[in-house]
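Enquirer: If you read the sequence shown in the numbering used here, its first letter stands for residue 4, the second for the next number, and so on.
The structure's right below; bear with me while I get my questions together.
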Amino acid sequence: MKVYTLSGKSGTGKSFQAMNLCNELNIESIIDDGLFIYHSRVEAGMSAKRQDTRVGAIKTALFTLEEHRDSVVSKIALRNPDSILVIGTSDRMVEKIVKRLNLPDIYRKIHIEDISGADDIKTAKRQRIYQGKHVIPVPTLELKRDFAGYFMDPLRFFRGGIFGSEHQPERTVVRPTFSYMGRYYISDSVIMDIANCVAAESPAISKIFKAYENTSPDSLDVSISLGVKKGFKVWQSAEEFQRLLAMQIEAMTAFNVVRVDIEIKSINT
4 MKVYTLSGKS
14 GTGKSFQAMN
24 LCNELNIESI
34 IDDGLFIYHS
44 RVEAGMSAKR
54 QDTRVGAIKT
64 ALFTLEEHRD
74 SVVSKIALRN
84 PDSILVIGTS
94 DRMVEKIVKR
104 LNLPDIYRKI
114 HIEDISGADD
124 IKTAKRQRIY
134 QGKHVIPVPT
144 LELKRDFAGY
154 FMDPLRFFRG
164 GIFGSEHQPE
174 RTVVRPTFSY
184 MGRYYISDSV
194 IMDIANCVAA
204 ESPAISKIFK
214 AYENTSPDSL
224 DVSISLGVKK
234 GFKVWQSAEE
244 FQRLLAMQIE
254 AMTAFNVVRV
264 DIEIKSINT
């Protein structure tokens with residue numbers, strides 16, 4: 004197994020550039036912020052970006068917990084990639100990760116300045132400082148289970164390479180729990196407004212009585228109380244509204260909706 008490392012200061016665009024580097028060097032897998040990524044799929048680990056504190060995030064990225072480390076080591080052994088890219092904020096950090104995961108000696112060390120221009124690095128730093136954005140080099144669907152209730156936004160780039168013959172797999176932008184910019188939340192009134200908009204386009208729904216949400220780091224749960232018009236199939240109408248509402252909330256807010264509970268309060272004309 005060839006072990007490559009990519010190091011650079013926090014917020015310089017390492018995770019964003021990781022896909023480009025993997026395509027150029029035919030690298031099959033990535034270790035980034037506590038995750039083992041193989042062919043654009045999260046195979047094992049837990050993301051440092053889910054930790055509540057910056058110290059917790061660093062410990063996760065260094066695989067301090069034995070259970071976390073062991074799960075990643077066993078999955079790497081199972082997949083047995085020909086090459087792997089280890090990402091960290093310094094040469095010392097990536098060396099620690101390589102040693103911690105029992106990987107072979109480093110084949111090649113790469114620094115962010117070697118593959119990214121000064122303007123790109125400056126732009127990445129600006130987005131980190133002013134918008135609190137972090138990139139994870141896997142598609143959004145791969146992260147929805149683990150980043151439910153987080154601000155998420157896919158990034159797509161078309162280019163050939165090992166991760167896709169027609170296009171490069173998307174990256175995902177997230178706002179971590181430990182972001183110093185605070186946390187996003189969605190008020191009940193916003194959910195109510197979106198629900199009313201969806202209901203206006205749904206001929207079976209007569210009225211939205213109540214709408215509220217329960218946002219946590221693990222989920223965005225939405226509950227809706229509504230009325231259904233006579234002449235429509237209640238169960239089918241509720242399921243259709245449930246699907247459309249979840250889709251519109253995700254489209255308008257960039258939050259991942261875990262569930263939408265529907266209460267049928269009335270059936271009327």
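The C-beta atom is built at its ideal place from N, Cα and C for all residues, glycine as well.
#1: Can you tell me the Cα-Cα spacing of lysine 268 and isoleucine 211, whole angstroms?
#2: If you count every other CB in all the chains shown that lies within 10 Å of the CB of asparagine 217, and 16 or more means buried, which is it?
#3: Are the region 110 to 121 and the region 63 to 81 touching by the rule of at least three beta carbon pairs closer than 8 Å?
#4: Alpha carbon to alpha carbon, what distance is there between threonine 67 and serine 190?
#5: Under the assumption that phenylalanine 244 contacts isoleucine 265 (Cβ atoms under 8 Å), give the Cβ distance between them as a whole number of angstroms.
#6: Going along the chain, which residues of its own chain have a beta-carbon closer than 8 Å to the beta-carbon of leucine 65, five neighbours each way excluded?
#7: Rounded to a whole number of angstroms, what is the C-alpha to C-alpha distance between glutamate 116 and valine 261?
#8: Figure out for me which residue from Gly48, Ala241, Lys62 has the closest Cα to the Cα of valine 75.
#9: Are the CB atoms of aspartate 36 and alanine 51 nearer to each other than 8 Å?
#10: Out of Asn105, Lys232, Val193, state which residue places its alpha-carbon closest to the alpha-carbon of methionine 4.
#11: Are the beta-carbon atoms belonging to glycine 91 and serine 10 less than 8 Å from one another?
#12: Whole angstroms is fine: what's the gap from isoleucine 208's alpha carbon to lysine 232's?
#13: Taking DSSP's pairing of strands, which residues face leucine 113 in a bridge?
#14: Which first and last residues belong to the beta strand (DSSP E) in which lysine 233 is found?
#15: Around the C-beta of phenylalanine 19, are 16 or more other C-beta atoms found within 10 angstroms, so that it is buried, or is it exposed?
#16: Note down, one range per segment and in chain order, each beta strand (DSSP E) of at least 3 residues found wholly within the region 33 to 60.
#17: In whole angstroms, what separates the C-alpha of threonine 8 from that of glutamate 70?
#18: In this structure, does DSSP put phenylalanine 19 in helix, strand or coil?
#19: Between the alpha carbons of valine 263 and valine 201, how many angstroms are there, rounded?
#20: Count the other C-beta atoms from every protein chain shown that fall within 10 angstroms of the C-beta of serine 240, then say buried if there are 16 or more, exposed otherwise.
#21: Return the bridge partner residues of alanine 274 from the DSSP annotation.
#22: For alanine 214, which beta-bridge partners are listed by DSSP?
#23: Does DSSP put isoleucine 189 in a helix, a strand or coil?
#24: When the distance is taken between beta carbons, is tyrosine 215 closer than 8 Å to serine 205?
Expert: Taking the coordinates as given:
#1: Here residue 268 corresponds to residue number 265 of the sequence shown, with the count starting at 1. Here residue 211 corresponds to residue number 208 of the sequence shown, with the count starting at 1. Distance from the CA atom of lysine 268 to the CA atom of isoleucine 211, rounded to whole angstroms, is 9 Å.
#2: Start at 1 with the first residue of the sequence shown, and residue 217 comes out as number 214. It counts as exposed.
#3: no
#4: Residue 190 sits at position 187 when you count from the first residue of the sequence shown. Residue 67 sits at position 64 when you count from the first residue of the sequence shown. One alpha carbon belongs to serine 190, the other to threonine 67, and they sit about 37 Å apart.
#5: Numbered from its first residue, the sequence shown carries residue 244 at position 241. Numbered from its first residue, the sequence shown carries residue 265 at position 262. Separation of the CB atoms of phenylalanine 244 and isoleucine 265 is rounded to 7 Å, and the pair is thereby assigned contact status at 8 Å.
#6: Along the sequence shown, read from residue 1 onward, the residue named residue 65 stands at position 62. Closer than 8 Å at Cβ, skipping near neighbours: Met96, Lys99, Ile100, Arg103.
#7: For the purposes of this step, residue 116 is identified with residue 113 of the sequence shown, where counting begins at 1. For the purposes of this step, residue 261 is identified with residue 258 of the sequence shown, where counting begins at 1. Here the alpha carbons of valine 261 and glutamate 116 stand approximately 39 Å from one another.
#8: Translated into the one-based positions of the sequence shown, residue 75 becomes position 72. It is Gly48.
#9: As a position in the sequence shown, residue 36 is number 33, starting the count at 1. As a position in the sequence shown, residue 51 is number 48, starting the count at 1. Yes, they are a contact pair.
#10: As a first step, residue 4 is located in the sequence shown; it is residue number 1 there, counting from the start. For the residues Asn105, Lys232, Val193, the minimum Cα distance to methionine 4 belongs to Asn105.
#11: Taking the first residue of the sequence shown as position 1, residue 91 is located at position 88. Taking the first residue of the sequence shown as position 1, residue 10 is located at position 7. Yes, the Cβ-Cβ distance between glycine 91 and serine 10 is below 8 Å.
#12: Here residue 208 refers to the residue found at position 205 of the sequence shown. Here residue 232 refers to the residue found at position 229 of the sequence shown. The straight-line gap from Cα to Cα measures roughly 6 Å.
#13: In the sequence shown, counting from the first residue as 1, residue 113 sits at position 110. A small correction: the amino acid at residue 113 is isoleucine; leucine does not occupy that position in the sequence shown. DSSP, once it has assigned bridges, lists Leu9 as partnering isoleucine 113.
#14: Working through the sequence shown from its first residue, we reach residue 233 at position 230. Membership of lysine 233 in any beta strand (DSSP E) is not indicated, and neither H nor E is assigned to it by DSSP.
#15: What you label residue 19 is simply residue 16 of the sequence shown in a count that begins at 1. Under this definition phenylalanine 19 is a buried residue.
#16: 38 to 41, 44 to 48
#17: Counting from one through the sequence shown, the residue named residue 8 turns up at place 5. Counting from one through the sequence shown, the residue named residue 70 turns up at place 67. Whole-angstrom Cα-Cα distance: 24 Å.
#18: Against the sequence shown, residue 19 aligns to sequence position 16. Shown here, phenylalanine 19 sits in a helix according to DSSP, grouped into three states.
#19: The residue labelled residue 263 in the question sits at position 260 within the sequence shown. The residue labelled residue 201 in the question sits at position 198 within the sequence shown. Approximately 14 Å between the Cα atoms of the pair.
#20: Taking the first residue of the sequence shown as 1, we reach residue 240 at position 237. Classification of serine 240: buried, given that the 10 Å Cβ count is 16 or more.
#21: Since the first residue of the chain shown is 4 and the last is 272, residue 274 is not available in this structure.
#22: Within the sequence shown, numbered from 1, the residue matching residue 214 stands at position 211. Alanine 214 pairs with Ile227.
#23: Within the sequence shown, the letter at position 186 stands for residue 189. Coil, per DSSP.
#24: For the purposes of this step, residue 205 is taken as the residue at position 202 of the sequence shown. For the purposes of this step, residue 215 is taken as the residue at position 212 of the sequence shown. Result no, Cβ atoms of serine 205 and tyrosine 215 do not sit closer than 8 Å.
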